[in-house]
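Residue numbers for the sequence shown follow UniProt numbering, beginning at 1 and rising by one.
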Amino acid sequence: MSVARVTEITASSTVSFEDAIAQGVARADKTLRHVEGAWIQEQKVIVRDGAIAEYRVNMKVTFILAD
Numbered sequence: 001m002s003v004a005r006v007t008e009i010t011a012s013s014t015v016s017f018e019d020a021i022a023q024g025v026a027r028a029d030k031t032l033r034h035v036e037g038a039w040i041q042e043q044k045v046i047v048r049d050g051a052i053a054e055y056r057v058n059m060k061v062t063f064i065l066a067d
């Protein structure tokens with residue numbers, strides 16, 4: 001039997017939402033063991049001088065707890 005935990009993180013990118021997601025998952029995987037998935041809860045952009053300057057995502061990352 002496995003027991004999982006969910007943690008919420010925010011990641012950002014100047015390139016795209018997809019890049020922000022990839023960076024967030026990669027960073028979570030460095031810290032957490034057994035990352036199983038991520039649910040993208042919210043997406044937003046930061047606008048500066050009328051243009052998109054940053055893409056941000058709030059995500060819930062699921063990982064399996066070690067015995």
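In this text, a Cβ means the ideal position worked out from N, Cα and C, and glycines have one as well.
Backbone CA spacing between residue i and residue j [nearest angstrom]
i      : j      : result
Lys-44 : Gly-24 : 15 Å
Val-3  : Leu-65 : 6 Å
Asp-29 : Ile-46 : 26 Å
Ile-40 : Arg-5  : 16 Å
Assigned secondary structure, residue i (DSSP; H/G/I helix, E/B strand, else coil)
i           : result
residue 138 : Nothing in the structure corresponds to residue 138, since the chain is present only between 1 and 67.
Thr-14      : coil
Ala-53      : strand
Val-3       : coil
Residues bridged to residue i [DSSP beta-bridge criterion]
i      : result
Lys-60 : Glu-8, Trp-39
Member of the options whose CA lies at the smallest distance from the CA of residue i
i      : options                : result
Val-15 : Phe-63, Glu-54, Met-59 : Glu-54
Rounded Cβ spacing between residue i and residue j (contact assumed at less than 8 Å)
i      : j      : result
Glu-8  : Lys-60 : 5 Å
Glu-36 : Thr-10 : No, Glu-36 and Thr-10 are not in contact; Cβ-Cβ is about 20 Å, not under 8 Å.
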